[in-house]
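Structure first, commentary second.
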Amino acid sequence: MTDRLETRRRAVAAALAGVGATALLVTDPRNIAYLTGFRGSGGAVLVEDDGEAVLCTDSRYELQVVEQAPDVGHVISREYVPGVLGRRRGPGDAPLAVEADHLTLAAGSALRRALEEDGANPPVVETTGLVEQVRRAKDPAELALIEKACRVVDQAWTHLLLQGLLAVGRSEREVAADLEHAMRMAGSDGVAFETIVASGPNGAHPHHEPGDRVLATGDLVVVDFGAMVSGYASDCTRTVALGVAADRLLDAYEVVRRAQVAGVAAVREGLACSDLDAVSRDIIADAGFGDYFGHSLGHGVGLDVHEAPAVSSRSTSTLSDGDVITIEPGIYLPGLGGIRIEDTVAVTGGGGRSLTTTSTALSVL
-10 MTDRLETRRR AVAAALAGVG ATALLVTDPR NIAYLTGFRG SGGAVLVEDD GEAVLCTDSR
50 YELQVVEQAP DVGHVISREY VPGVLGRRRG PGDAPLAVEA DHLTLAAGSA LRRALEEDGA
110 NPPVVETTGL VEQVRRAKDP AELALIEKAC RVVDQAWTHL LLQGLLAVGR SEREVAADLE
170 HAMRMAGSDG VAFETIVASG PNGAHPHHEP GDRVLATGDL VVVDFGAMVS GYASDCTRTV
230 ALGVAADRLL DAYEVVRRAQ VAGVAAVREG LACSDLDAVS RDIIADAGFG DYFGHSLGHG
290 VGLDVHEAPA VSSRSTSTLS DGDVITIEPG IYLPGLGGIR IEDTVAVTGG GGRSLTTTST
350 ALSVL
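Here my numbering is used: the first residue of the sequence shown is -10, the next is one more, and so on.
Next comes the structure, spelled out in C-alpha cells:
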C-alpha cells in the first residue's frame, strides 16, 4: 500500500512543474486520503516537488495517523496549515500551490498568517483538479473497491424487489430508507449520495428528494442510489413500473434503454467523452425526446461520486484505461414522469465493462 501512495505523490509532484510550483498544500480530505491513506476528518498535507510529504492533524488522530499514514511526516497540531508549512523543506519564497476549490476562507487566512510570520512571501498558485487528474486512473486495488461497492448496490436492489419493498401504497421516503438499510446490510459503509426515489410526476425532476408521496398504480419510479465501500463510491439508477404505465412513458423507457445500452457498448479507450455523450443523446433526439434530456450522459466515479472525467457534449476529455464512469441517459416529461437508467462502467482492456449488473429491462411490479 505504501508503494502505491508514494507513486501517487510522485505523480502529483510531477504535475507541480506544469503549474510553476514547488509544493502543493492539500486540504481536500479525499485527496489527503488518496495521497497518504489517512482518513480522519481534519488535517492538511504538504507535497513537495520530489514527492516527499508531511501531514498535520490534531491529537484526536494521533494514533490513527501513525497506523494509516506511516510513510509520511507527521505534525500534531490544531493549526493544520501552519503545521505543514513549518516543515516545508524547499525555499520559503518558492511558489506554493493550493487547491483553490477546497481551501476555505479560514484556511486561506491561516495560510497568509503563517507565511507572514515566517517572513516569506511566496507566490500562491491556485490550482483546480491537480490531484483529481491523477486520481482518474484507478489502480487494481481501487477498481476492486469500486466493484465491491457496485456489488453492494446490486444486492440491495435485488433484495428490495424480491421483498416487495417497492410497491403501491408505500411512500418514497419508506422505499429510500429500506434501500439504504439493504445497502448497509450488504456491506456499505454509508451512502455515496442522498438516495433518490422519484415516483409518478416527481420522476420528471432528476434530483428529486424522497418525500411523503405514496406510490400509485401506473407510476414509473426512478431510483438513483449508491454505496460507499472503504472510501470508494458506486452509482446506479433503475426505473420500474407499478402496474400499467402510460404509453408515452413506456415508449420513452425503451428509448432510454436503447440509448443506455448503446452508450455502455461504445465505451472504449481513446474515445472522446463528447462523442460518447453523442452516442446516447442522438438516439434520444432521433426518437423525438431530445428536449427532455438536459443533463450530461455521465461522470467519473471514485473517491467522489462525481469526479473526472465529465461525459458531456462540452467535455474536452478522452477516455483512458483506468477511468470509471457512469452511463445514465434519461427522459423527463413534466407532469407525467421520468426515466433514467444508469450503470457504473470501467474502462479496462481497451473497452468498457459494466460493474453494476442488475437487469435494465423494465420491471413491472
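All residues carry an ideal CB built from backbone N, CA and C; glycine is no exception.
These figures come from a predicted structure and were not determined experimentally.
Please go through the same chain and pick out, in chain order, the residues whose beta-carbon is closer than 7 Å to the beta-carbon of residue i, but skip the five residues on each side of it.
i: D201; result: S160, R162
i: A165; result: T184, V186, P199
i: P190; result: G324, L325, G326
i: T346; result: D143
i: G220; result: A22, R28, L292
i: Q249; result: S269, I316, P318, I330, T349
i: P84; result: G9, A10, T11, P111, P112, V114
i: A171; result: A145, H148, L149
i: H194; result: A187
i: V15; result: I21, L24, A33, V34, V36, E88, V120
i: E136; result: L344
May I ask you to check if the CB of residue i is nearer than 7 Å to at least one heavy atom of the ligand NAP?
i: I185; result: This structure lacks the ligand NAP; in fact it carries no ligand of any kind.
Beta-carbon separation of residue i and residue j under 8 Å?
i: V36; j: V8; result: no
i: P59; j: T(-9); result: yes
i: A234; j: V123; result: no
i: V210; j: T226; result: no
i: F278; j: R270; result: no
i: L149; j: L134; result: no
i: L231; j: G207; result: yes
i: A95; j: T116; result: no
i: V157; j: A205; result: yes
i: G339; j: R257; result: yes
i: V100; j: L354; result: It is worth fixing the name first, because residue 100 is Leu in this sequence and not Val. No, Cβ-Cβ distance for L100 and L354 is not below 8 Å.
i: D128; j: R(-7); result: yes
i: A181; j: V294; result: yes
i: L351; j: C139; result: no
i: S285; j: A126; result: no
i: I328; j: G289; result: no
i: A251; j: I272; result: yes
i: A297; j: G118; result: yes
i: S177; j: V141; result: yes
i: V229; j: I320; result: no
Suppose the cutoff is 8 Å on Cβ atoms and the five residues either side in sequence are ignored; what does the same chain contact list for residue i look like?
i: D17; result: E88, D90, H91, V120
i: A42; result: R(-2), L24, T25, V34, L35, V36, V61, G62
i: G341; result: V253, A254, A255, V256, R257, V334, A335
i: R102; result: P71
i: E51; result: I65
i: G108; result: G81
i: R237; result: L322, L325
Check residue i in the structure and name its three-state DSSP category.
i: P129; result: helix
i: V253; result: helix
i: D213; result: strand
i: G289; result: strand
i: L168; result: helix
i: P190; result: helix
i: V120; result: helix
i: R246; result: helix
i: A83; result: coil
i: R(-7); result: helix
i: P71; result: helix
i: D208; result: coil
i: R78; result: coil
i: V268; result: helix
i: L238; result: helix
i: V336; result: strand
i: E198; result: coil
i: I273; result: helix
i: R140; result: helix
i: R(-1); result: helix
i: S263; result: helix
i: L355; result: Nothing in the structure corresponds to residue 355, since the chain is present only between -10 and 354.
i: E296; result: strand
i: E331; result: strand
i: V180; result: strand
Could you check whether the Cβ of residue i sits closer than 8 Å to any Cβ belonging to chain D?
i: S309; result: Of the protein chains in the structure, only one exists, and it is not chain D.
Can you list, in chain order, the residues of its chain with a C-beta nearer than 6 Å to that of residue i? Leave out the 5 residues immediately preceding and following it.
i: G179; result: M217
i: G311; result: A126, K127
i: R67; result: D47
i: D224; result: G215, V290, V294, T315, T333
Worksheet item: Touching or not, the segment 70 to 81 and the segment 37 to 54, by the rule of three or more beta carbon pairs under 8 Å?
Response: In the pairwise beta carbon analysis, the segment 70 to 81 is classified as touching the segment 37 to 54: at least three pairs are separated by under 8 Å.
Worksheet item: Pairing CB atoms from the segment 261 to 268 with CB atoms from the segment 298 to 315, are three or more of them under 8 Å?
Response: Yes, since at least three Cβ pairs between the segment 261 to 268 and the segment 298 to 315 fall closer than 8 Å, the two stretches touch.
Practice prompt. Ignoring anything shorter than 4 residues or poking outside the segment 10 to 66, list the alpha helix (DSSP H) runs there in chain order.
Written response: With a minimum length of 4 residues, the continuous alpha helix (DSSP H) runs that stay inside the segment 10 to 66 are 18 to 25, 51 to 57.
Fill in: Length at least 3, wholly inside the segment 84 to 116: the beta strand (DSSP E) runs in chain order
Within the segment 84 to 116, the complete beta strand (DSSP E) runs of at least 3 residues are 85 to 88, 113 to 116.
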